[in-house]
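Position 225 (the sequence shown) corresponds to 225 in our numbering; numbering is contiguous.
Just so you know, even glycine gets a beta-carbon here, dropped at the ideal spot from N, CA and C.
Bear in mind the structure is a predicted one, so any value in this text is a computation, not a measurement.
Down below is the structure, laid out as structure tokens.
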Amino acid sequence: MKRIFVSTLLAFLPILTLTASTVQASEFGMHILHPQEISQAKTFLTDETNQANWHYITIPLTLDDLDRTAQWQEFFRIARKEQLIPLIRLATRFDTKLGAWQIPTHKDIVDLFTFLNQFEWPTDERYVIAFNEVNHAPEWGNQLDPASYARVLKFTASWAHTENKNYQVLPAAMDLAAPNGAQTREAFDYLAQMYATDPEIFDYLDVWNSHSYPNPGFSSSPTRSTQNSVRGFIHELAWLKSKTGRDFETFITETGWINTPQTSRWLTDYYLYSLQHVWSHPQVKGVTPFLLKGDPGPFSEFGFLDYADQPTAQYDAVKEALRLFKEKS
Numbered sequence: 001m002k003r004i005f006v007s008t009l010l011a012f013l014p015i016l017t018l019t020a021s022t023v024q025a026s027e028f029g030m031h032i033l034h035p036q037e038i039s040q041a042k043t044f045l046t047d048e049t050n051q052a053n054w055h056y057i058t059i060p061l062t063l064d065d066l067d068r069t070a071q072w073q074e075f076f077r078i079a080r081k082e083q084l085i086p087l088i089r090l091a092t093r094f095d096t097k098l099g100a101w102q103i104p105t106h107k108d109i110v111d112l113f114t115f116l117n118q119f120e121w122p123t124d125e126r127y128v129i130a131f132n133e134v135n136h137a138p139e140w141g142n143q144l145d146p147a148s149y150a151r152v153l154k155f156t157a158s159w160a161h162t163e164n165k166n167y168q169v170l171p172a173a174m175d176l177a178a179p180n181g182a183q184t185r186e187a188f189d190y191l192a193q194m195y196a197t198d199p200e201i202f203d204y205l206d207v208w209n210s211h212s213y214p215n216p217g218f219s220s221s222p223t224r225s226t227q228n229s230v231r232g233f234i235h236e237l238a239w240l241k242s243k244t245g246r247d248f249e250t251f252i253t254e255t256g257w258i259n260t261p262q263t264s265r266w267l268t269d270y271y272l273y274s275l276q277h278v279w280s281h282p283q284v285k286g287v288t289p290f291l292l293k294g295d296p297g298p299f300s301e302f303g304f305l306d307y308a309d310q311p312t313a314q315y316d317a318v319k320e321a322l323r324l325f326k327e328k329s
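Shown next as structure tokens:
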């Protein structure tokens, strides 16, 4: 009788979905460039105990990907199976004649969300990033135009929220080391001009997004606390608090050290210190260092895997830092 009663009771209970309250994701994740790299990212993120932990994965979705439904179907299947939470960075196409990423149209944005709507996501919350480092002209149609980006961001967030799919919208991260010049705009100048265009623009966001690199030269000590350091996100959150009154949570979707003869012997120490004293900040939801695979290409010194898919010094340093971090936690 008890068994029958329990079975009857369970039949009337709501089906549980994996929400932010039921999923406790590990803070440390990975940034990848292609959907087929997701399994390699999972291998990297699996610790020695083989515990089933959730992790965040940042990945771009371009307009060219809209013809690759099968690849992305497989990506989301693996994400569900392997407990990986995607942070999807929306992107357009790179215009080789212009030497820049195209500015998205409203149709581009609708098409990207229509594509994403067809997949079964691993969690209830669906994280999307509205483009990338727009305080670089080549990332925004070769223009430095905070007003234009503010309008596009507002449309993107508004459209996402009316889809009723629980999209969580993040802005394009700023390059916090960029100066004012012909091709770049200082990050807080850019944000201030967005705010001047629309004082409510940041109210449309759900979570903040930061690229907090150890600058200058992607090689500075993690003990630095300036705007262009690994603690850059703290400056952003304080600025947002002053404008909106909100204590935003943030993802750090790009960070990491370049691997050079000068930095290689310090990489483990740098990552361990950051895990213990920087990324442990209570407003940091997750960190996805850049980049799983950057070789061949301009990001080879940041990569965790080389062109032959073999572990690099970055890979070994971070794995050791994570091991030490867990031992000392």
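Return the first residue and the last residue of the alpha helix (DSSP H) that residue i is part of.
i: Lys326; result: Ala313 to Lys328
i: Trp239; result: Gly232 to Thr244
i: Pro138; result: Counting along the chain, Pro138 falls outside any alpha helix (DSSP H), and DSSP gives it neither H nor E.
i: Gln276; result: Leu267 to His277
i: Phe188; result: Ala187 to Thr197
i: Tyr149; result: Pro146 to Thr162
i: Leu45; result: Ile38 to Leu45
Which term fits residue i, buried or exposed, when burial requires 16 or more other beta carbons within 10 angstroms of its beta carbon?
i: Thr22; result: The pLDDT assigned to Thr22 is 43, lower than 50, so where the model puts this residue is not dependable, and the model offers no usable value.
i: Ile4; result: Because Ile4 sits at a pLDDT of 34, beneath the cut-off of 50, its placement in the model cannot be relied upon, and the following sentence gives the value as read from the coordinates. Ile4 is exposed by the Cβ-count criterion.
i: Ala196; result: exposed
i: Arg265; result: exposed
i: Tyr307; result: exposed
i: Lys97; result: exposed
i: Ala317; result: buried
i: Leu182; result: The question names Leu, but residue 182 in the sequence shown is Ala. Result: exposed.
i: Gly232; result: buried
i: Asp295; result: buried
i: Arg126; result: buried
i: Ala238; result: exposed
i: Phe328; result: Inspection of the sequence shows that residue 328 is occupied by Lys rather than by Phe. Burial call: exposed.
i: Gly336; result: Since the first residue shown for the chain is 1 and the last is 329, residue 336 is missing from the structure and cannot be characterised.
i: Asn209; result: buried
i: Lys81; result: exposed
i: Leu322; result: buried
i: Ala70; result: exposed
i: Arg185; result: buried
i: Thr288; result: buried
i: Ala147; result: exposed
Can you tell me which residues form a DSSP beta bridge with residue i?
i: Ile85; result: Tyr56
i: Gly286; result: Phe251
i: Val389; result: Because the chain spans 1 through 329 in this model, residue 389 falls outside it and cannot be assessed.
i: Trp208; result: Thr250
i: Asp175; result: His211
i: Thr114; result: Answer is none; Thr114 lacks a bridge partner.
i: Phe28; result: Val287
i: Lys97; result: Its beta-bridge partners do not exist; DSSP assigns none.
i: Leu90; result: Leu61
i: Thr184; result: His136
i: Leu343; result: Lying before the first or after the last residue shown, residue 343 is absent from the chain, which here runs from 1 to 329.
How is the beta strand (DSSP E) around residue i delimited, first residue to last?
i: Pro104; result: Pro104 -> no beta strand (DSSP E), and no H or E assigned at all.
Would you please state the rounded distance, in angstroms, between the beta carbons of residue i and residue j? I believe it to be under 8 Å.
i: Ala150; j: Asp198; result: 5 Å
i: Val230; j: Thr255; result: 6 Å
i: Gln168; j: Val207; result: 6 Å
i: Phe304; j: Phe75; result: The pair is not a contact, with the Cβ atoms about 19 Å apart (cut-off 8 Å).
i: Ala172; j: Phe131; result: 4 Å
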